[in-house]
Amino acid sequence: EIIEATQGLLAERGVKKLDALLVTHCHGDHAGSAGVIAGFGREAEDRAPIYLHSAAFRSLTHPTPSFLHETYEIFLSRCHWGLREYNTLSDQEMIENALRKRFRGYFTRTPKRALRFVDHGEVPDGILAVPTPGHSQDCVLYFDSALGVAVPGDTIICTGRPEAPESWDFVIPIFTVGGQSYSMAYERYLRTIRHLRVFFSRHRVRAVLPPHGRFAVTEPLAWVQFAERYFEGIYRAFLDDFLADKSRGSREEPFRACDLNPYIPSAGAHPVSTPSHVFGMLCTLADEGYLELDEDMHTRQIHFRLLEMPPESYVRDLLQTDPGPVPLFHAGMSPT
Numbered sequence: 030e031i032i033e034a035t036q037g038l039l040a041e042r043g044v045k046k047l048d049a050l051l052v053t054h055c056h057g058d059h060a061g062s063a064g065v066i067a068g069f070g071r072e073a074e075d076r077a078p079i080y081l082h083s084a085a086f087r088s089l090t091h092p093t094p095s096f097l098h099e100t101y102e103i104f105l106s107r108c109h110w111g112l113r114e115y116n117t118l119s120d121q122e123m124i125e126n127a128l129r130k131r132f133r134g135y136f137t138r139t140p141k142r143a144l145r146f147v148d149h150g151e152v153p154d155g156i157l158a159v160p161t162p163g164h165s166q167d168c169v170l171y172f173d174s175a176l177g178v179a180v181p182g183d184t185i186i187c188t189g190r191p192e193a194p195e196s197w198d199f200v201i202p203i204f205t206v207g208g209q210s211y212s213m214a215y216e217r218y219l220r221t222i223r224h225l226r227v228f229f230s231r232h233r234v235r236a237v238l239p240p241h242g243r244f245a246v247t248e249p250l251a252w253v254q255f256a257e258r259y260f261e262g263i264y265r266a267f268l269d270d271f272l273a274d275k276s277r278g279s280r281e282e283p284f285r286a287c288d289l290n291p292y293i294p295s296a297g298a299h300p301v302s303t304p305s306h307v308f309g310m311l312c313t314l315a316d317e318g319y320l321e322l323d324e325d326m327h328t329r330q331i332h333f334r335l336l337e338m339p340p341e342s343y344v345r346d347l348l349q350t351d352p353g354p355v356p357l358f359h360a361g362m363s364p365t
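Start counting the sequence shown at 30; every next residue gets the next number (my numbering).
Listed below in structure tokens is the structure:
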């Protein structure tokens, strides 16, 4: 249905064939049918070049085993966050999960010869490709410099109805674990926020077109400010509310990422994605030595224990750290 709808819209607009197809990341609802759509208006086995980050291309070239592997990672991550217990899950329960079965239907195998890797300098003329990892390891924001339009994939998500401005809001995407487990997704996403602050300050971005939601973002720096407030907010909830809650007992009592949900107002609407953010933050603090991290060998749940109070300004300082040069890829770049 998605393929038919997309091809129908292209035909309605008089498109005879595609010159290129840009993939923001290789999740099924964004890239699963790329190989089919790229063949629109072309002879069999002929496709427009498909541009993407090289980190996850096997989701297209070998979708069935790649998605099977990702299935186990998805369930393992939910165990890490404290939402499930791995030793109670059967293979059948994971493989037959309704959400997995729905996403599995999106994928179509695409040969590697059809792919172009933006992080290797293979980018269409007039387009800037900015790696924005965090939601997934292969996220890319594309910017059409002539139009002033950015397509961010799931890095930037909006909610609300266009006709009701009071309903508009931003959402931080879930951190998926493929290639970026424990603290890695959190650290990458915070760096992405800092890189996008620089990018949006230096480029005339007229509109950002998020994939989920029905309206454009015309003030992209407002999203940056929201993201900064969000991550500072969950850190303050950890320090000021969770650790200070005497009903928990001692501050040194072990806890899981999901245990912070009641202390974070937005977690009610996002009960799964919020622990992914909290978990990454806690793993980062454990990396620094402020927390102890212990993983149960059977349930695979991870418990944290406070060793030393982290600085009040820890996350704010992370967000203000110079992220280094913004990674930009464009046509004509040398792979080196």
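Cβ atoms here follow ideal geometry from the backbone N, Cα and C, with glycine treated the same way.
- Task: Return helix, strand or coil for Glu-248, following the three-state DSSP convention.
- Result: coil
Taking the alpha carbon of Thr-221 as the point to measure from, which residue in His-164, Glu-281 and Lys-45 has its own alpha carbon closest? His-164
_Spatial neighbours of Arg-334 in its chain, beta-carbon cut-off 7 Å, leaving aside the 5 residues before and after_ = Glu-281, Pro-283, Leu-320 and Glu-321
Worksheet item: What distance in whole Å lies between the Cβ atoms of Gly-262 and Ile-186, which are believed to be in contact at a cut-off of 8 Å?
Response: So it is not a contact: roughly 17 Å between Cβ atoms.
Check your understanding: Going by DSSP, which residues form a beta bridge with Val-301?
Key -> The partner list for Val-301 (beta bridge, DSSP) is empty, contrary to what the question assumes.
Review point. Roughly how many angstroms separate the alpha carbons of Lys-45 and Ala-34, rounded to a whole number?
Key: 16 Å
Distance, Cα to Cα, Glu-72 vs Pro-291?
-> 55 Å
In chain order, which continuous runs of the beta strand (DSSP E) of length 3 or greater are located wholly inside the stretch 188 to 271?
-> 193 to 200
Problem set entry | Given Thr-137 as reference, the closest of Leu-170, Phe-96, Leu-225 and Ile-201 once Cα atoms are compared | Phe-96
Q) Assuming Leu-311 and Ala-286 make a contact with CB atoms under 8 Å, what is their CB distance in whole Å? A) 6 Å
Considering only the beta carbon of each residue, do Thr-303 and Val-169 sit closer than 9 Å?
no
Ile-367: first and last residue of the uninterrupted beta strand (DSSP E) it sits in
Lying outside 30 to 365, the shown extent of the chain, residue 367 is not represented and no answer is given.
Inset, instruction - Measure the CB-CB distance between Pro-140 and Asp-48 and report whether it falls below 9 Å. - result: no
With 16 other Cβ atoms within 10 Å as the buried cut-off, status of Leu-81: buried
What is the DSSP secondary structure of Tyr-319, counted as helix, strand or coil?
-> coil
Mapping the DSSP letters down to three states, classify Phe-308 as helix, strand or coil. helix
- Sort Ala-266, Phe-228, Arg-258 and Phe-260 by Cα distance to Pro-249 and report the nearest one. Phe-228
Practice problem: Using alpha carbons as the reference points, say which of Pro-162, Arg-76 and Ser-305 lies closest to Leu-225. | Solution: Pro-162
Leaving aside the five residues before and after Ala-256 along the sequence, list all residues of the same chain whose C-beta is less than 6 Å from its C-beta, in chain order. Ile-222
**Prompt:** Any idea if Thr-365 is buried or exposed, counting beta-carbon neighbours within 10 angstroms, 16 or more meaning buried?
**Reply:** Because Thr-365 sits at a pLDDT of 46, beneath the cut-off of 50, its placement in the model cannot be relied upon, and the following sentence gives the value as read from the coordinates. Thr-365 comes out exposed.
* Give the DSSP-derived three-state secondary structure of Pro-291 in the structure shown. => helix
Practice item. Could you tell me which of Arg-217, Phe-86 and Glu-192 sits nearest to Pro-202, measuring between CA atoms? Key: Arg-217
key: Sequence-distant residues of the same chain with beta carbon closer than 7 Å to Pro-300, five excluded per side   = Asn-290
Task: Local conformation of Leu-4 per DSSP, three classes - done: Because the chain here runs from 30 to 365, residue 4 falls outside it and cannot be looked at.
Check: So what does DSSP say about Gly-353, is it helix, strand or coil?
Finding: coil
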